[in-house]
Structures are given as structure tokens and as C-alpha cells.
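**Q** Sharing a structure with you now.
In C-alpha cells, the structure reads:
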């Protein structure tokens, strides 16, 4: 192409802008994590007494004092917080009160289950939701669009647990096609346990993933549709029609890209919330993931597990936000190149 | 008549609805020849844009062509199927839209948009299309086109973006160009450049152009022939000089008389009432009425005799942006050491292009922004030094503001009565609620809306009527000083003439002092006693209005005055009548 060198020349400031932008966001992310860490640490300090949780009924006052001292609980607040952050960075969240195991081991054991479930349902929601949103925006009066919109209304209004139970009743109990609980057989890949490679693992995944995806999917359909309708009304779409461009180019190249700019943010946060709020689905299907671990930790005031879960979810959100910001930067030139 | 390039015959456009629907264009006949510019002029709702959309077959649902035919070089193009029509759009008829800020896809470079359009219509390779894109940018006067072509729309200024829009319309050498308000969103100096460009294109390429606009000045400047539209009908068509100079139709006459004249100052705008019936104004006896009473500044024997009512000295305002952790802070000096005085009872105009800092001054004077430096003395008191809220409110009560946008400057969820009563209640200016109501009713009568308006909501009124609500609200504090920030630039000319007449009447009756901000030089000439010209945050010249228009001193003022449309065709007859009335 003519003017090739010019394009290269433009890449340089773009890269510099990008670096500055990303390092800014990283810095802000660290602050967010430190604040969440403070809250998680606050759990130890202010919800119950850790010493009480460790010692028995007949421990003497002196022994308690010694334990408090040895745990460093007499140190100033800031020193203890620093120690907590230092350990957390290394993945050390202490021992679970309930299971007497290191929290990091528990998480490592449960995390793959939740992540696999979440990713599968996030992909389901995106791959079905975005095209359906586009379709209903482009052909608002067609029979399919009306059908999609009615279904999506049901998806939004039916509670997740009900959908899960109905699926279990139909496919699990009546038809006996799919297993109703657990992950099925898993294969260990190093510390990661995966259900993707066995028939029973995949079969077990179907119902929980659908249950988790339906709400997100309906949300995405409605969001994409609303944004797209908005974009289709803009002057630049009208101008594109007036220039005789083909509808395919207008709808999928111009309109869709402009639709995605605002949609990316919300979809990113939705994916985060799929991971964070898989709790209900995991309970319904007895899915051995983090949500289930968290529920049990709450009912037994297992503070180290709760603190670790809080930090991990915050971390997931921060990472997703960072990815969203970078995507934004790639999609929208107004952020990249200053006028 | 010369052979018509585009011929519109008996066109009817309808917007059907359950309640019978609206006819947006009835029996419209228009034609444009090669190398000719046909101006289509009319006020909002006249159906001008509908014609353009009907030609392109881009009518918004449920609009449709209800009758008549459109011919392009003798070939019928109305009601063609969409895939046929697509070969005409962009290829044979190009279209230019009003707002260059919104008519380009923000996510694609100018090159991609141009190349996409070129390759849709012409069988060119990517490299050839790119070369053509660069040459098109060059032709529409974009400097350094080989570099600029790879920029995104947001990297261009408004005027440059409109040039890009024009380049896009020219991609496939269309025979006809429809320009729908192509310069309305632009500053005067940019407007002049774009009009010059359009004229050149028509002359050099021999295309036919339909120029749709509400602006008589633009018509006078570029159109060869004019069609005047009123409520969906073409009421008059003819050569520009004839239509502007000696119109036959009563509507055309009143429309032209409502245009503020740049060349001569008139006392009032004549004949405008025949267009939209202005509400009857019921005059109040100000010697006994609340509005005239207890105007505490009157009791001190003219007050202003001792000095100017408003004295602004070395006023400064800086806007900062960015500046958080590493990103470089940038600052914009919006107002740069501006000084001026406004005498008691005069109307002081501030004129300038967008971004010159006009509105910022209004906001500084009223206290919406806090000044970065300098002083604002109102009636001898420096408002920038006042800390006491009560004292400040006492002074603020005496100055009121009328904003540009009549739609967003009144609270849509309040009844008109409460909107106007709010300042009365806030400043505790009336003894009782029943008195407040009576005052509001009288104010509404006084601005020509009628007391019945009190129980309605703002959305039930047109733009001009809403501006009357704003004026009534401003009067409700019994102000001494009125700041009008582009009060009529969102309105049609006839409505503008009514509002300007109203402001003049009020100023005379109530002895108001006014600061009148506008980008529109003819309006300034009609309204103001003295004018300050602003450019890039500085006040470059302050002069008596007539002196400024006849003999501007500063280079920028000269430039601005020279860009004013000339209306060479306007008839002396109209002027004679206007002066007699």
C-alpha cells in the first residue's frame, strides 16, 4: 500500500500511549487490591477472635497470651496488615479453621472446577447472545426476534436455582440423560483437574453451564440489541446509506463495531460476575467449585477461606477490568490518538 | 428552462399513522440543472429535509412517497427497489449532512471510509482507491492529504470534517449533490470557506446541487434559484435576486423581513406576526404593578449615574484537563485578561466564534464559574471578593440569564407556574402564595404566552414559546441586568424576530441593562448599542455598534465583518417599509 512508512510512523506514539495507559491502569489495580486486602484483613481482626478459634475450652490465660504473641497479634495494625499482604502475595492465606488444611491448597483444588464452568458458560452466553442481539436489532419485527425477546424476558425473570432444578428434573430424573450432580471423572494435568477430557466430565458440565449462562445470555441479547438500535439511528449510519454502501458492510463493519464499544465494558463485568456468583449454580448441582467452598466457609465462620475467596474474586475482577480497558483502547481510536 | 438533471414532479410524502398521519410534502415540483445551485429554504417543519430523503429513498419509517415521480436525467428513480437505489446513492447522487461531528464513523480512519465508498462504486484496486482518496481530500482543500488521510475523524476540526464529508459525497463523481444544511453547525469563517468550496465544485464539475437551508444569508450567497417551502408546500420558486428582492408570496415576504439585516439597523422587525401568530401581549401598568414597583435600584435616583453598572477588569479563566499521575496536564486560557464596562441601560454585545470565550464570560459574571483572576464589579461592588452568601444573592437577584437551548434550560418536570415562581419564592419577593400566582400570571401575559400557560408543562410548548418562559423566569426576580447567551440561535428566523422584538420592548419598558452574546453579526447589529469582539479568549475590540460595522479597527473584526453574507438582492422596498413602521 502507498504510504506504508507513514503507518509505521504512527504506530510508535500509539505504542507509547498504550504503555502509559496500561501502566496507569496497573497502578490503579494495585491500589484496588490493597484496599480489598485491607477489608479481607479486617475480617480477621474484627470478626471473631482468631485465638478463640484455635484454642480449646481449657486453655489458660497465659497460654492464650503466648499464642497471641507468637501469632504476632500484639503488633501494631499496620505491621500485621503488611505481614498479611506479604503472605497473600505468596499465596499463603493461612490454615482453614474448619478443614485444618492450608487455604491455598483448598483453593487450588477447587479453582479449576469453577473456572471451567464459568468459561464454558461465558462462551455460551457470548456466542449465542451477541448474534441474537444483532439479529433482533436488525430485524426487530421478524417472528424470530419476537420469539427471542420473549424467551429473553423469561431468562431474565426466572431465578437461576429454578432453572437448574427444572433442568435436573427433566434431563436428569425423567430422561436420565445427564448426571445431576458433581463433575464426573476428572483428569489431573499437574495441579489442574480438568473435566474436559472425559465423557462423564463433559456430560456433567452441560446442565450447570446452561443454567449459569442463561441469565447472562439474556442480558447480553438485550444490551446488544439496545445499543445496536441506538447506533443504527446515528447520522453516520444514515450517511453510510446515502453513500450507497452495502447493508452488510454498514451493519457488520460500521454498526457492530460501534455497538461493541459500550457493550464490552458490561460484558466484561458480566463475565466477572459469572465467576464470582457461580455459588447458586454450584450449590444446586453440588459442583465442587469455590462457590460451594465459600458457602460452607460462611456457615462455619471459616475466616481464612472467606478472606482468600474475597481477594481472589477481587483479583479476577481487576484482571477482567484491565483486559476490558485494553480492548477499549484497541477498539476506540479516540482513546488511542489524541486530537 | 434548461434541461433538468434532477426533476421532482408533484411529489407527495406522507407519514401515515393511526390518526390519519401527516403529509410532509404535498405536490412539490422542483428541478435542478447541471452547474446550478437550487436553494430550498424554509423554517423547521417545512419539509425541506423530507424532500432530500425522498430523493435518496431514505425516508424514515413510516414515511413513504404517496404520489408523484422523481427523475434523474429523464430516468425514473422514485420507488426503485433498494438494491437498484443503492447504485444511485453515492454513485449518481451524493449527499452532505448537517453535522460533521456526527456524520463520520468515529472508529475508522478517513482513508478506510473513503476507500470503502470508492470501491463500492468504482472498480479500482485498493492502491488506486487510496490514491483517489488522497486526491479527493486535496480537492476539498485539506492540507497535507497524504498524511491526514490516515487520521481518525476526531483528529479533524469541525470545518475540516465537513470537508471530509464532502469528499465522501464526491467519491464516485455524482451528477447531483444534495446538501442538507451543510454549514449550519459551523462558524461564520468556516461557513464562508465551505460555501466557496461548494460553489467551486458546482462550477468546475457541472454537477447540480440542491442546497437545503433555513439561512437566507447562505441562499443569498450561493443559490442561483430558490424554492421557498412552507408547511410541506413550495410556495414560490424563482431566481435568487427575484425571490429575495421582490417576492410575490406573503410568506416569503414575511420570512425575508424577519431576517436580521446586516447592512442597516432597524428599530423593530416588521411583519413577523403573519408567520406564527405571536401570543397577544397584555401590557402591564408598570407604575403600579409589582414588576415595576420596588425596583430598589430605581429609588436611588438612577444609580448608574456614578459609573458603569458592570465593570469587568482583567478577567481570567483557565480550564485544566488531565494531570493525574504522569499524564501531562493541559490548560486552556478561555478568558484572557478581558476588561469592559457596561453602562446603565445599554445593550452591550459580545460577538465571536465558537470557543472564543463568550459564554465563559457570561458564566463568570453570573458566578456559575469562579474567576481565576481579575474583578467583576456590579453596581460598584466587586462580586469576586464577596464571601457572604446573602450579600451575593442580593446582587445575583439583580442579574438574570437567558440561555441558548430552550429545551434543556427549563425543568421538564415542573409546571410553567412553578418554573417562574421559583425565583420569586427563593428570593421571597412576594408577600403571599396568591400574590405569587398573580405575578406569574401577569408575567406570562407580559411575555405574550397568556396566563393559561401556567398550568402546562414545558414540553407542550414550541422552542420560541419556551424561550418566552425563560424570559418570564428571568423577569421574575425583577432584575436590573439581563445576560442573554445566544438566546435565539436555536430558533427559526421568524421566531427569532419575535423574541428579539420582545427583548427590545422589555428593555425599554423596564430600563434593563443587557449583555447580549451572539455569534450572529446581523443580530448583534439589530440589538446592541456597543459591541465587544472576542477571539481566542481575548477581547480584541470594543466599539459603538455602528462604528464597528462601518469601520472596524482590529484585523480580526475586519475579517469577521467581511465574512458576513451581503444580501445584495434584498429590496429597498422592504427597508423603506421597515423604517416607516
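Protein chains in written order, with my numbering: chain D, 26 to 364; chain Z, 750 to 1330. Heads up, the beta-carbon is just placed ideally off N, CA and C, and yes, glycines get one too.
What is the rounded straight-line gap between the Cα of residue 1164(Z) and the Cα of residue 1186(Z)?
**A** Approximately 12 Å, taken between the alpha carbons.
**Q** Would residue 839(Z) and residue 921(Z) be called neighbours here (beta carbons separated by less than 8 Å)?
**A** yes
**Q** In terms of residue numbering, what span does the alpha helix (DSSP H) encompassing residue 307(D) cover?
**A** Residues 304-309.
**Q** Enumerate in chain order the residues of its own chain whose CB-to-CB distance from residue 883(Z) is below 7 Å, with the five nearest sequence positions on each side excluded.
**A** 894, 895 and 898
**Q** Suppose contacts are defined by Cβ-Cβ distances below 8 Å. Is residue 1303(Z) in contact with residue 1289(Z) by that definition?
**A** yes
**Q** Is it buried or exposed, residue 1394(Z), if we count other Cβ atoms within 10 angstroms and call 16 or more buried?
**A** Shown here, chain Z extends from 750 to 1330; a query on residue 1394(Z) therefore has no answer.
**Q** How would you list, in chain order, the residues of chain D whose beta-carbon sits under 8 Å from the beta-carbon of residue 844(Z)?
**A** 264, 267 and 268
**Q** With C-beta atoms as the reference, is residue 984(Z) less than 8 Å away from residue 998(Z)?
**A** Against a cut-off of 8 Å, the Cβ pair of residue 998(Z) and residue 984(Z) comes out as a contact.
**Q** Please identify the residue among 978(Z), 827(Z), 789(Z) and 1060(Z) whose C-alpha is closest to the C-alpha of residue 930(Z).
**A** It is 789(Z).
**Q** Quick one: any contact between the region 210-221 of chain D and the region 128-142 of chain D, if contact means 3 or more CB pairs under 8 Å?
**A** yes
**Q** Out of 757(Z), 813(Z), 804(Z) and 753(Z), which has the shortest C-alpha to C-alpha gap to residue 772(Z)?
**A** 813(Z)
**Q** Taking residue 356(D) as the query, report the chain Z residues whose CB atoms sit under 9 Å from its CB, ordered along the chain.
**A** 856
**Q** Using a Cβ-Cβ distance cut-off of 8 Å, determine whether residue 350(D) contacts chain Z.
**A** No - not a single Cβ of chain Z is within 8 Å of the one on residue 350(D).
**Q** In terms of alpha-carbon separation, which member of 105(D), 248(D) and 254(D) lies closest to residue 166(D)?
**A** 254(D)
**Q** If you draw a straight line from the alpha carbon of residue 340(D) to that of residue 59(D), how long is it in whole angstroms?
**A** 11 Å
**Q** Under the three-state reduction of DSSP, which class applies to residue 1151(Z): helix, strand or coil?
**A** strand
**Q** Using only CA atoms, which one of 835(Z), 1111(Z) and 785(Z) lies nearest to residue 950(Z)?
**A** 785(Z)
**Q** Look at the alpha carbon of residue 109(D) and the alpha carbon of residue 85(D), and state the distance between them as a whole number of angstroms.
**A** 27 Å
**Q** Quick one, which of 284(D), 350(D) and 63(D) has its alpha-carbon nearest residue 111(D)'s?
**A** 63(D)
**Q** What is the rounded straight-line gap between the Cα of residue 320(D) and the Cα of residue 304(D)?
**A** 7 Å
**Q** Strictly below 8 Å CB to CB, what residues from chain Z border residue 271(D)?
**A** 835 and 869
**Q** Per DSSP, what kind of secondary structure is residue 1209(Z) in: helix, strand or coil?
**A** In the three-state DSSP reduction, residue 1209(Z) falls in the helix class (H, G or I).
**Q** Between 279(D), 179(D), 247(D) and 248(D), which has its C-alpha nearest residue 259(D)'s C-alpha?
**A** 279(D)
**Q** Chain D partners of residue 932(Z), CB-CB under 8 Å?
**A** Near residue 932(Z) there are no residues of chain D at all, since even the closest Cβ is about 16 Å away, more than 8 Å.
**Q** Give the DSSP-derived three-state secondary structure of residue 764(Z) in the structure shown.
**A** strand
**Q** Given residue 364(D), which residues of its chain have a CB within under 6 Å of its CB, disregarding the five upstream and five downstream residues?
**A** With a pLDDT of 44 at residue 364(D), under the threshold of 50, the modelled position of this residue cannot be trusted, and the question is left open.
**Q** Do residue 1287(Z) and residue 1090(Z) count as a contact pair if the criterion is CB distance below 8 Å?
**A** no
**Q** Give the single residue among 816(Z), 903(Z), 1294(Z) and 1309(Z) whose Cα lies nearest to the Cα of residue 1014(Z).
**A** 1294(Z)
**Q** Determine whether the Cβ of residue 276(D) lies closer than 8 Å to any Cβ atom of chain Z.
**A** no
**Q** Using the beta-carbon of each residue, which ones in chain Z are nearer than 8 Å to residue 359(D)?
**A** 855, 901 and 903
**Q** Assign residue 953(Z) to buried or exposed, taking buried as 16 or more other Cβ atoms, counted over all protein chains shown, within 10 Å of its Cβ.
**A** exposed
**Q** Going by DSSP, what residues sit across from residue 772(Z) in a beta bridge?
**A** 763(Z)
**Q** Jot down the residue ranges of each uninterrupted alpha helix (DSSP H) in the region 166-215 of chain D, minimum 4 residues, whole runs only, in chain order.
**A** Runs of the alpha helix (DSSP H) inside the region 166-215 of chain D: 168-182 and 185-192.
**Q** According to DSSP, is residue 910(Z) part of a helix, a strand, or is it coil?
**A** helix
**Q** Quick one: what does DSSP say residue 825(Z) is sitting in, helix, strand or coil?
**A** strand
**Q** Tell me which residues share the same chain as residue 310(D) and place their Cβ nearer than 6 Å to its Cβ, disregarding the 5 neighbours each side in the sequence.
**A** 206 and 233
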